[in-house]
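These notes are about the structure you will find just below.
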Amino acid sequence: MEDASRSTLTNASEKAVHALNNTATQFVAKELGISEKTTTRRLDRMKDGRLLDLSLQCDPASKIGYVQFIILINVERSHYRDVYKRMYTEFQ
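Using my numbering, read the sequence shown as starting at 43 and increasing by one per residue.
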């Protein structure tokens, strides 16, 4: 039962992040007077170049029953992608 609720939370979370991303992209495009496609390409390049890091923060009071933690890791730039991929796999 717990697995089903986790996947529902994951699906809902993914939809929320997608909606926020679309809204942010639309806002930036409108402010700059460029297309959403151009905005998306530019934001993706900045993310890939490590010039931009987007994150969401949650309200700890709404996460009763969950343990929140933050892991800060310093990684050499040349190993960043490998470490990121491994961490993503491990924490899924």
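Note that CB positions come from ideal geometry on N, CA and C, so glycine has one too.
If you're wondering where the values come from, they're calculated on a predicted model, not measured in any experiment.
Exercise. Would you call T131 buried or exposed, if buried means 16 or more other Cβ atoms sit within 10 Å of its Cβ?
Worked result: exposed
Exercise. Buried or exposed: which applies to T81, given that a residue is buried once 16 or more other Cβ atoms fall within 10 Å of its Cβ?
Worked result: buried
Problem set entry | Anticipated Cβ contact below 8 angstroms, E56 with T67, distance rounded | Approximately 16 angstroms separates the beta-carbon atoms of E56 and T67; this is outside 8 angstroms, ruling out the contact.
Exercise. Can the beta-carbon of R87 be found closer than 9 angstroms to that of R119?
Worked result: no
Exercise. For K89, which option in T52, R128 and R123 has the closest C-alpha, if you only look at C-alpha atoms?
Worked result: R123
For this session: Could you work out which residue in I76, V109, N63 and V125 is closest to I115 when comparing CA atoms only?
Result: V125
Exercise. Is it the case that the Cβ atoms of L85 and V109 are separated by a distance below 9 angstroms?
Worked result: no
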